[in-house]
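Below is one structure, written out as structure tokens, with a few remarks after it.
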Amino acid sequence: MTSAATSAPGATEDPGRRLSSEERRAQIILAALTVFGSRGYEGATTDQVARAAGVSQPYVVRLFGTKENLFLATIEFALSQSLSALRTALAASDEGGENPMGKRVGEAYVDLIEIPGLHQTLAHAFLLGGHPAIGPAARRAYLAMWRFVRDEMGLPPDSAREFVAQGMLISTMIGVRIVDDYGSDPEVAELFQACFPNKLGHVLDVLPRGERGL
7 MTSAATSAPG
17 ATEDPGRRLS
27 SEERRAQIIL
37 AALTVFGSRG
47 YEGATTDQVA
57 RAAGVSQPYV
67 VRLFGTKENL
77 FLATIEFALS
87 QSLSALRTAL
97 AASDEGGENP
107 MGKRVGEAYV
117 DLIEIPGLHQ
127 TLAHAFLLGG
137 HPAIGPAARR
147 AYLAMWRFVR
157 DEMGLPPDSA
167 REFVAQGMLI
177 STMIGVRIVD
187 DYGSDPEVAE
197 LFQACFPNKL
207 GHVLDVLPRG
217 ERGL
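One point on numbering: in our numbering, the residue at position 162 of the sequence shown is 168, and numbering is uninterrupted.
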């Protein structure tokens with residue numbers, strides 16, 4: 007499967023070419039994912055996003071207006087990237103029955119950790135249900151994931167609930183950075199081995215921990 011990070015708009019560029027405004031916008035959103043994912047909506051600033059993107063803070067404001075608008079755009083981008091990766095996995099071959107649908111889609115969801123801050127930003131959004139603008143956007147994102155599992159994967163309600171619950175468990179583990187305790191707490195090791203049986207090494211390599219975060 008193609009890396010989610012390398013397939014994101016604006017993730018790669020020719021250093022000798024001037025970026026278009028849309029490419030610069032995508033670059034800022036990728037930086038915003040990292041900042042919002044690490045600091046949350048309340049803790050992040052447009053200045054921090056600008057510095058992470060390598061642009062000026064007034065430029066961020068000119069493109070997005072407010073931090074709220076930037077966060078809403080970041081939620082939309084995170085959802086779009088998530089659904090694109092899951093649909094690609096859903097459409098892939100099952101390789102003679104050895105790579106069934108649930109496994110393909112589940113591993114694609116885990117692979118989204120390659121886009122820094124994506125899981126964490128969505129988790130932050132889901133906690134802001136009472137916000138007048140962010141709450142509705144977060145609910146739309148959550149329901150879009152549910153509709154994907156129900157309508158596109160075709161899972162019945164009970165199976166869809168279990169599938170989504172597993173995804174939320176993984177996102178929660180990423181959000182609370184329980185990986186920081188991997189190697190020192192045997193229960194954390196057991197949890198990781200249960201959730202990432204086929205991708206444990208990759209997950210441990212990619213997830214930010216301790217000083218590696220913002």
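Cβ coordinates follow ideal geometry from the N, Cα and C atoms, glycine included.
Sub-8 angstroms separation of residue i and residue j beta-carbons
i, j, result
"Leu89", "Phe169", "no"
"Ala84", "Leu128", "yes"
"Pro122", "Gly173", "no"
"Leu197", "Ile119", "no"
"Val182", "Leu210", "no"
"Leu134", "Gln87", "no"
"Ala91", "Ala114", "yes"
"Arg156", "Ala171", "no"
"Val66", "Leu76", "yes"
Buried versus exposed call for residue i [16 or more other C-beta atoms within 10 Å across all chains shown]
i, result
"Ala150", "exposed"
"Met7", "Residue confidence for Met7 is low, a pLDDT of 43 falling below 50, so the modelled location carries little weight; the figure read from the coordinates is stated next. It counts as exposed."
"Ala97", "exposed"
"Gly207", "exposed"
"Asp4", "The shown model of the chain, from 7 to 220, leaves out residue 4, and the question about it has no answer."
"Ser177", "buried"
"Thr40", "buried"
"Leu175", "exposed"
Whole-number beta carbon distance between residue j and residue i, since they are thought to touch under 8 angstroms
i, j, result
"Ile81", "Ala38", "Actually they are not in contact, since the Cβ atoms of Ile81 and Ala38 sit about 10 angstroms apart, beyond 8 angstroms."
"Gly46", "His130", "5 angstroms"
### Message
Contact between the segment 94 to 110 and the segment 22 to 35 is defined here as three or more beta-carbon pairs at a separation below 8 angstroms; is this criterion met?
### Response
no
### Task
Decide yes or no for the touch test of the segment 50 to 58 against the segment 134 to 141: beta carbon pairs closer than 8 angstroms, at least 3 of them.
no
### Query
Okay, do the segment 53 to 70 and the segment 27 to 44 touch, 3+ Cβ pairs below 8 angstroms being the bar?
yes
### Query
Hey, which unbroken runs of the alpha helix (DSSP H) at 4 residues or more fall wholly within the segment 77 to 131?
107 to 117
#### Entry: Any alpha helix (DSSP H) of 4 or more consecutive residues that is wholly inside the segment 143 to 188
163 to 181
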